[in-house]
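Each residue of the sequence shown is one higher than the one before, counting from 357 in the working numbering.
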Amino acid sequence: MCLTRLPLRGDDSLGDSFHHAANPGRAFVNPRLLLLAIVPLGIAFALLREPDSSVADAGPTKVSRTPQFLGAGSCSASACHNANFAKGHTGSEYTLWITRDPHAKAYETLFGERSLLMQKNLRSPMSAHEDPRCLKCHVAPDYDVKQAPPVAPYFKTDGVSCESCHGPAKNWAAFHHLASWQLKTPAQKKSLGMKDTQSLAGRAQVCVTCHVGAPGMEVDHDLIAAGHPRLHFEFAAFHDAMPRHWPDFKDRDATKSARGRPDFEARAWLVGQLVTAHAALELLADRAAEKPWPEFAEYDCAACHHDLQSPSARQKSGYGKRKPGVLPWGHYLALSPLAIETLAGEDAQALRDQLRAVQKIMDAGNPRRDGVADAARRATVISRTVLRDLDQRLPHSLSLQARLQTFVEARGADLAPTADWLTQVQLSHAALRKAARDLRSPGPAELPKAIREGLPLHFDPQAIKQRLLSNSKKGS
């Protein structure tokens, strides 16, 4: 519920009384007029007060089980989230989303040429904008096409809007603006339908549902072959690219907020790797148990979709522990061992061991679905415990970024020759970023002169690409 400020109308003497009340030496305040002013304020506070604790603190058994959306329009009043303040200020959320966030166009893309071609290739009897497979991610995970939300019948036209990420708002919109709401725990808010976006792990879990996939919400090989882009997701990069409708300092500046961390980017990368790995394992377990198997979307696309020249770079570099012809699995989990190494505890060690077990099964070639499903389920049970209170388990010092860089330098060389193409791109990007940072500072004496002279002072991917192309032409 959004309330707008209305101009006061009535006897001018009321305004004069308040003026004199602020200047007691000039006039005496009429008690009756003061009472007349106080009574409406009391009524307003009664209307604005938080609902009875039986409603506000209700658990899942006391609120509507069916997700009910109010629609983005319910957030768009100028007194709420559409005050059109500067970027990142409270009150500008709706403004930024509707004008700058690509998520606002998610439903609209279902009417485009690519969507029409995909449905034709899939021989689907319905249009993309009516297909439940599409609406789960192009509208909201909780959206049920068979039961249109009664509160907001045109909700799906909003695309991926406020409630798509923050949760259906029917049970909490009326009082989420009150100060007492801020005192509630994420679990209490979740019981009313609001998702946790305060913690990095909570944000990542919201994103991976669509950008990695979940049981019943996936981009499988059929969809990719029909024309859907392959899902490429790395949480830290996607988070950085988001038009921020929240105060950025709460994330990054530890001097202004308890939540802020100067090592924010490193923490975001680490959390993203772990949450993404958990989502990928859940999806793998579901695919192996219930769907046609094998599911080729689980593997590196470039393992099959590449030129057949011989000799080739992949033949020279080898296949690691895999036999030639066996597809490499799991680009989402390729770097997760580096992330797990930053955590302490028996569950972290157990997760490392179970991931190795899953990897061994998937790398054997033509893995049995029952073995895959069982191993993946075991891994998800462990990863779920690791994700619990993950933000509190991470190292709380500036050394985190240095530790991650050390892991990449120490093991990146071992991973790169055998990892899939996306992983190699990420490792290469990390190496180039480090080289660019070194070039801006005096840098260590052992930094190779060729790198020092060959890379531009400011990191520019396009400039680097042109230099590499130019050098390759000179060598040919």
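Every residue, glycine too, gets a C-beta built ideally from N, C-alpha and C.
Can you name, in chain order, every residue of its own chain whose Cβ lies under 8 Å from the Cβ of residue i, other than the five neighbours on each side?
| i | result |
| --- | --- |
| T513 | Y463 |
| S739 | L630, A633, H634, L637, L707 |
Got a sec? Which residues, its chain only, sit under 7 Å from residue i by beta carbon, not counting five neighbours each side?
| i | result |
| --- | --- |
| L473 | G583 |
| L746 | A557, V627, L630 |
| E574 | L639 |
| A439 | G447, S448 |
| S480 | D487 |
Cβ of residue i within 8 Å of Cβ of residue j?
| i | j | result |
| --- | --- | --- |
| D719 | R678 | yes |
| A669 | A732 | no |
| L689 | Y655 | no |
| R725 | A653 | no |
| H595 | T553 | no |
| L452 | H494 | no |
| T565 | H687 | no |
| D576 | E651 | yes |
| I717 | G727 | yes |
Can you tell me the Cα-Cα spacing of residue i and residue j, whole angstroms?
| i | j | result |
| --- | --- | --- |
| T698 | L750 | 8 Å |
| G831 | D703 | Unreliable positioning characterises G831 in this predicted model, as indicated by a pLDDT of 48, which lies under 50. The coordinate reading is nonetheless provided below. Cα to Cα, G831 sits roughly 51 Å from D703. |
| V742 | Q705 | 10 Å |
| S692 | E646 | 26 Å |
| V562 | S555 | 11 Å |
| L426 | H588 | 31 Å |
| A543 | D663 | 51 Å |
| K606 | L534 | 20 Å |
| S409 | R489 | Low confidence applies here, because S409 scores a pLDDT of 42, under 50, leaving its location unreliable; read the following figure in that light. S409 and R489: Cα-Cα distance of roughly 38 Å. |
| E469 | V737 | 41 Å |
| A435 | Y510 | 23 Å |
| S520 | R559 | 12 Å |
| R712 | P723 | 15 Å |
| G429 | Q475 | 30 Å |
| T541 | C657 | 42 Å |
In the DSSP assignment, find the unbroken alpha helix (DSSP H) run with residue i in it and report its ends.
| i | result |
| --- | --- |
| G628 | 620–646 |
| C660 | Neither: C660 is in no alpha helix (DSSP H) and is coded neither H nor E. |
| L452 | 449–456 |
| H522 | 518–522 |
| Q710 | 702–718 |
| M474 | 469–477 |
| A593 | 591–597 |
| V728 | 725–743 |
| P693 | 692–696 |
| Q748 | 746–749 |
| A582 | 577–582 |
| S547 | 542–547 |
| A460 | Premise fails: A460 is in no alpha helix (DSSP H) and is neither H nor E. |
| K677 | Element bounds for K677: n/a, residue is neither H nor E. |
| T565 | 556–567 |
In chain order, what residues of the same chain lie with their CB nearer than 6 Å to the CB of residue i, ignoring the 5 residues before and after it?
| i | result |
| --- | --- |
| W625 | A592 |
| G721 | V682 |
| C431 | H437, Y450, C518 |
| L478 | A582 |
Is the shortest distance between the beta-carbon of residue i and the beta-carbons of chain D less than 8 Å?
| i | result |
| --- | --- |
| A484 | Protein chains in the displayed structure number just one, and chain D is not present. |
For the segment 565–580 against the segment 539–552, are there 3 or more C-beta pairs whose distance is under 8 Å? no
Can you find at least 3 beta carbon pairs, one from the segment 590–601 and one from the segment 450–465, that sit closer than 8 Å? yes
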